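Count along the sequence shown starting at 1, add 2, and that's the number in my numbering. Only one structure is covered here, and it is reproduced in the block below.
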Amino acid sequence: MEHPLYEVYLWNDTYVSTEESESLRPIQDEAIYEVLRMEEGIPLFYAPHYARLCRSAERVGRPLPYDDGMVRHQLWALREMNSIKNSNVKMLWARGKDKDHFVVYASPVRELSDTERQEGCKTSLYPLERKNPNVKLQKDAYRETTSRIIQERDVFELLLTDEQDGIREASRANLFIIQNGAIHTAPDASVLMGITRMQVMQSIRERGYKLVEEPVPVQALPQVEAAFLTGTSIDVLPIKSIDGQILPSAEHPIVQTLQKDYLKRVEEDKKAFRW
Numbered sequence: 003m004e005h006p007l008y009e010v011y012l013w014n015d016t017y018v019s020t021e022e023s024e025s026l027r028p029i030q031d032e033a034i035y036e037v038l039r040m041e042e043g044i045p046l047f048y049a050p051h052y053a054r055l056c057r058s059a060e061r062v063g064r065p066l067p068y069d070d071g072m073v074r075h076q077l078w079a080l081r082e083m084n085s086i087k088n089s090n091v092k093m094l095w096a097r098g099k100d101k102d103h104f105v106v107y108a109s110p111v112r113e114l115s116d117t118e119r120q121e122g123c124k125t126s127l128y129p130l131e132r133k134n135p136n137v138k139l140q141k142d143a144y145r146e147t148t149s150r151i152i153q154e155r156d157v158f159e160l161l162l163t164d165e166q167d168g169i170r171e172a173s174r175a176n177l178f179i180i181q182n183g184a185i186h187t188a189p190d191a192s193v194l195m196g197i198t199r200m201q202v203m204q205s206i207r208e209r210g211y212k213l214v215e216e217p218v219p220v221q222a223l224p225q226v227e228a229a230f231l232t233g234t235s236i237d238v239l240p241i242k243s244i245d246g247q248i249l250p251s252a253e254h255p256i257v258q259t260l261q262k263d264y265l266k267r268v269e270e271d272k273k274a275f276r277w
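Quick look at the structure:
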C-alpha cells in the first residue's frame, strides 16, 4: 500500500494517523480496490465506483460488508478530517493475516505536465494480457513490471497487446483509437470497464459517432487518425505518439468534443451528488 496523503485515513472505520502507516499490519497482494477523484470535496461518479467495487468483491468470493451509506460516510469522514478539496481517494478491500480489512485513504495522483495535457502523452506497445480484467485487483508484480518499462522507455503509458497483436487497453487506463472516422475500443469482457470510459462511451453514442468494440491490430497503426486514454486521474487524455509514430490527437475534433462532453458530465455529477 502506498503511503496515504494528508493526516489521517480510515482502517476498518477507525481513524489512523498517516504517520503510523509504515507499521501497518501487512495486507496480501491482489486486494480489491477502487480509486475515485474528489473534486471540490465531491467524490466524482461515486455510484458506479461503489457498484464496481461490490461486483469485484462478489467475483472473488469476498462480498463487501459495507453498504452504500456506510461507504459514503467513510468518504465524508475522510474529507472532513483532512479538509480535502481535490484528491484521489482509494478504497481498498484487502485480505489480512486474520481477517479482511477495508481501508479508505487519499492516494497520490498521476501527475501530468502542462505539455502532456495540451499536446497529449507518449505511449509504447507492450505484449501483456491481464487475467480477469473486469476485477480491479491490486497486483504488486504487475504494477512493478509496467512501471519499470514505462520508466525505461520514457513514456507516460504502455498500450497492451494480446496474442493476436490486438491493442486492447493501457496498463492503467482505457484506450480509444480513431480510424477511418470510427472510434475503436476493446469489448467490455476483455478490459477493465473504467468509469471514465463508461461516461465517454455514453457521449459517443449520444453524438452518433460510430463505435466499434474490437481491438485495433498493431499492423493497422499507420492508418490511425488519433487515439486517447481515459481514466480517473487523467480524464480524456490525447495520445501524442505510439512508439514514435506521431498522432495529432489533441487537434482531432472528435477527441476535443469528447473532452468537453466529459468535463460537462463531471460538473453535472457534482451538482447531483448528495451525501
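All residues carry an ideal CB built from backbone N, CA and C; glycine is no exception. In this text, all values refer to a predicted model and were calculated from it rather than measured experimentally.
What three-state label does DSSP hand K92 in the structure shown? One-based indexing of the sequence shown puts residue 92 at position 90. It is a strand residue.
Where do the ends of the alpha helix (DSSP H) carrying R199 lie? One-based indexing of the sequence shown puts residue 199 at position 197. First-last of the alpha helix (DSSP H) with R199: 197-209.
Is it buried or exposed, D313, if we count other Cβ atoms within 10 angstroms and call 16 or more buried? The chain is shown only over 3 to 277; residue 313 falls outside these bounds and no answer can be derived.
Residues that DSSP places opposite A79 in a beta bridge: Reading the sequence shown from its first residue, position 77 is the one you call residue 79. DSSP lists no partner for A79.
Using CA coordinates, which residue listed in N90, A191, V62, T147 is at the minimum distance from E113? Start at 1 with the first residue of the sequence shown, and residue 113 comes out as number 111. For E113, the nearest C-alpha among the options comes from N90.
Length of the line joining the Cα atoms of K262 and T232: Residue mapping note: residue 262 aligns to position 260 of the sequence shown, counting from 1. Residue mapping note: residue 232 aligns to position 230 of the sequence shown, counting from 1. Going by the C-alpha atoms only, they are around 13 Å apart.
Using 8 Å for Cβ pairs, my map puts M72 next to Y17. What's the rounded Cβ distance? As a first step, residue 72 is located in the sequence shown; it is residue number 70 there, counting from the start. As a first step, residue 17 is located in the sequence shown; it is residue number 15 there, counting from the start. The Cβ separation is near 15 Å, so there is no contact.
C-alpha gap between G126 and Q225, whole angstroms: What you label residue 126 is simply residue 124 of the sequence shown in a count that begins at 1. What you label residue 225 is simply residue 223 of the sequence shown in a count that begins at 1. For the sequence presented, residue 126 should be read as Ser rather than Gly. So the alpha carbons of these two residues sit roughly 17 Å apart.
Would you call the region 103-111 and the region 200-219 touching, i.e. three or more CB-CB distances under 8 Å? no
Please look up how many angstroms separate the CB atoms of A33 and L94, rounded, as I've assumed it's under 8 Å. Taking the sequence shown and counting its residues from 1, the one referred to as residue 33 is at position 31. Taking the sequence shown and counting its residues from 1, the one referred to as residue 94 is at position 92. The Cβ separation is near 5 Å, so the contact holds.
Buried versus exposed call for G122 [16 or more other C-beta atoms within 10 Å across all chains shown]: Your numbering for residue 122 matches position 120 in the sequence shown. By the 10 Å Cβ count, G122 comes out buried.
Among all the DSSP beta bridges, which residues are the ones paired with D237? Counted from its first residue, the sequence shown places residue 237 at position 235. Answer is G233, bridged to D237.
In DSSP terms, what D102 is bridged to: For this step, residue 102 is matched to residue 100 along the sequence shown. Paired residue(s): R97.
Under a Cβ-count criterion, where at least 16 other Cβ atoms within 10 Å of its own Cβ denotes burial, should E36 be classed as buried or exposed? Start at 1 with the first residue of the sequence shown, and residue 36 comes out as number 34. Per the 10 Å Cβ criterion, buried.
Can you give the beta carbon distance from R64 to D102, rounded, assuming they're within the 8 Å contact cut? Residue 64 sits at position 62 when you count from the first residue of the sequence shown. Residue 102 sits at position 100 when you count from the first residue of the sequence shown. About 6 Å; that satisfies the 8 Å criterion.
State the start and end residues of the unbroken beta strand (DSSP E) segment that holds P129. Walking along the sequence shown from the start, residue 129 turns up at place 127. Its beta strand (DSSP E) spans residues 123-129.
Sequence-distant residues of its chain with Cβ nearer than 7 Å to R199 (five each side left out): Here the question's residue 199 lines up with position 197 in the sequence shown. Cβ within range, chain order: N176, T232.
Using DSSP's beta-bridge definition, name the partner residues of R2. Since the first and last residues shown for the chain are 3 and 277, residue 2 lies out of range.
Give a yes or no on whether the C-beta atoms belonging to E9 and S19 are separated by under 9 Å. Against the sequence shown, residue 9 aligns to sequence position 7. Against the sequence shown, residue 19 aligns to sequence position 17. Going by C-beta atoms, E9 is nearer than 9 Å to S19.
Spatial neighbours of D156 in its chain, beta-carbon cut-off 8 Å, leaving aside the 5 residues before and after: Translated into the one-based positions of the sequence shown, residue 156 becomes position 154. Counting only Cβ-Cβ distances below 8 Å, and skipping sequence neighbours, we find K124.
Can you confirm whether L46, when its beta carbon is compared against all beta carbons of chain D, has any partner nearer than 9 Å? No chain D is present in this structure, which holds just one protein chain.
Any idea if E208 is buried or exposed, counting beta-carbon neighbours within 10 angstroms, 16 or more meaning buried? Taking the first residue of the sequence shown as position 1, residue 208 is located at position 206. Exposed, by the Cβ-count rule.
K273 versus L46, L38, E22, L12, residue with shortest Cα-Cα distance: In the sequence shown, residue 273 corresponds to position 271, counting from 1. Minimum Cα distance to K273 is reached at L46.
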